[in-house]
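Before any comments, here is the structure.
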Amino acid sequence: MDVTKTLLIAQIAIQIVFLVIVLILILRERHIKIPLDTIDALKQSIAESRALSEEFSTQVTEKVKVLSSLMEDVETRIKQASDVKARMEDLIDKLSNVRTYTKDDVLKLHKGGFAPEDISSITGIPVGEIQLMLKVSGKE
30 MDVTKTLLIA QIAIQIVFLV IVLILILRER HIKIPLDTID ALKQSIAESR
80 ALSEEFSTQV TEKVKVLSSL MEDVETRIKQ ASDVKARMED LIDKLSNVRT
130 YTKDDVLKLH KGGFAPEDIS SITGIPVGEI QLMLKVSGKE
């Protein structure tokens, strides 16, 4: 059950209890005349109680709306974070599946007729490092 409805029902129940108490007191004291000022004061108290109840209900409703808005914002951010996490995990998987080329692979490519620039674009190893590998191996 909604918090606003629960609080409103509680307020109405309290007002009913007050009315019952007033009626019981009136019936008990029938022979005593209650001054109109007292009745007017009771009516005024009930009216003030209703006004306060309505104001309280309005404030609770506004706060519930604010909290709902905050919850939606948090849920949106959580979804965005999980999307970013999923993309990062995919990238990590792709990067871990990248083949690492060794010196032997570079030498085989060079022996196959590939230039150091071509080997660099295939393997992702810098051209200078490929040239160094070829010099050290004596293949250049």
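If you're matching positions, the sequence shown starts at 30 in our numbering and goes up one per residue.
All residues carry an ideal CB built from backbone N, CA and C; glycine is no exception.
Given the structure is predicted, the values throughout are model-derived calculations rather than measurements.
| Asked | Found |
| --- | --- |
| Is DSSP giving LEU64 helix, strand or coil here? | The sequence given here places Pro at residue 64; Leu does not occur at that position. If DSSP states are grouped into helix, strand and coil, PRO64 belongs with coil. |
| Give me, in chain order, the residues of the same chain whose beta-carbon lies closer than 7 Å to that of VAL51; leave out the 5 immediate sequence neighbours on both sides. | LEU71 |
| VAL95 to VAL89, Cα distance in whole Å? | 10 Å |
| May I ask you to report which of helix, strand or coil DSSP gives PRO145? | helix |
| Give every residue of the same chain whose Cβ lies closer than 8 Å to the Cβ of ASP147, excluding the five residues on either side of it in the sequence, and list them in chain order. | LEU138 |
| Rounded to whole angstroms, what is the Cα-Cα separation between THR67 and GLN73? | 10 Å |
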